[in-house]
Amino acid sequence: MQSADPPPIRVILPGPGEQEVVGRLHKRQQTAGGWLYKVSVPAWSNTQDGRVEPAWYTVWVQAPAHVRPVDGVSYDDVPTERLPKPSAVREMLGPRRPTGWVLQRLDGQRGPDRGVIHAPDCDEAPQGAPALTVETALDAAEKAGVRLCALCGAASELGPLLRGFDHGSDPDG
911 MQSADPPPIR VILPGPGEQE VVGRLHKRQQ TAGGWLYKVS VPAWSNTQDG RVEPAWYTVW
971 VQAPAHVRPV DGVSYDDVPT ERLPKPSAVR EMLGPRRPTG WVLQRLDGQR GPDRGVIHAP
1031 DCDEAPQGAP ALTVETALDA AEKAGVRLCA LCGAASELGP LLRGFDHGSD PDG
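In the working numbering, the protein residues as written are 911 to 1083.
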């Protein structure tokens, strides 16, 4: 059974020296950049009738840089969002390259009459060029002045689609 109040946590305040206050831990969230903790710290608030009353200031802070556990307190019941674990296949293959293809125009001409087709993350690909679908890239690659980049794999991936997988391996001839 979860307690009505979130568990206490020590929150390190910004500024010179390491001042700490005991706040409340509401939630933990794992991000690509590390862990964030949603904490509340005690503060004062002015009411509309001019009184001063205690209040809680809630903010996301980086952990462990801005929080420390309170000895003897369990954080097992704090809502926690973790990043999904990458699949074993994705870990073995590594990050995927961006999808699609881009056309690098040559000689400053308009239209796809002279150019090179690249993967979007190729070092030779033009920055900011619109992504082409496979069909559009193949249509452009069929033009006489357009070639497929061999550095990024465009030639090895799109070439067989242009010529057919059996091209050059016909046993009859």
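Don't be surprised by glycine CBs; every beta carbon is placed ideally from N, CA and C.
Closest by C-alpha distance to Gln939, out of Trp970, Ala1047 and His976, is Trp970. Here DSSP, grouped into helix, strand and coil, assigns Thr1046 to helix. Of all alpha-carbon atoms in Asp987, Pro926, Leu993 and Ala975, the one lying nearest the alpha-carbon of Leu935 is that of Asp987. By the neighbour-count definition (other C-beta atoms within 10 Å, threshold 16), Ala1029 is a buried residue.
Look at Ala973 here: in three-state DSSP terms it is strand.
Beyond the five residues adjoining it in sequence on each side, Leu1058 comes within less than 7 Å, by CB distance, of Ile1027, Ala1051, Ala1064, Ala1065, Leu1068 and Gly1069 in the same chain, given in chain order.
In its chain, beyond the 5 residues on either side, Ile922 have a beta carbon closer than 8 Å to the beta carbon of Glu928.
Nearest C-alpha to Asp1049 among Ala942, Pro979, Gly1025 and Gln958: Gly1025.
A Cβ-Cβ separation of about 7 Å places Ala973 in contact with Leu946 under the 8 Å criterion.
Relative to the Cα of Val1044, the nearest Cα in the group Tyr985, Val1012 and Ile919 belongs to Val1012. For Ala998, the three-state secondary structure derived from DSSP is helix.
Comparing C-alpha distances from Arg920 to each of Ala942, Leu1072, Gly943 and Asp981 shows the shortest one belongs to Asp981. Its chain contains Val962 as the residues whose beta carbon lies nearer than 7 Å to that of Asn956, once the 5 sequence neighbours on both sides are disregarded; these appear in chain order. The residue among Ser950, Asp1033 and Pro1008 with its C-alpha nearest the C-alpha of Gln1014 is Asp1033. Between Pro918 and Val931 the beta-carbon gap is near 10 Å, outside 8 Å, which marks them as no contact.
DSSP, read as helix, strand or coil, puts Gly1069 in helix. Sequence-distant Cβ neighbours of Tyr967 in its own chain, meaning closer than 7 Å and more than five residues away, are Ser950, Val951 and Ala953.
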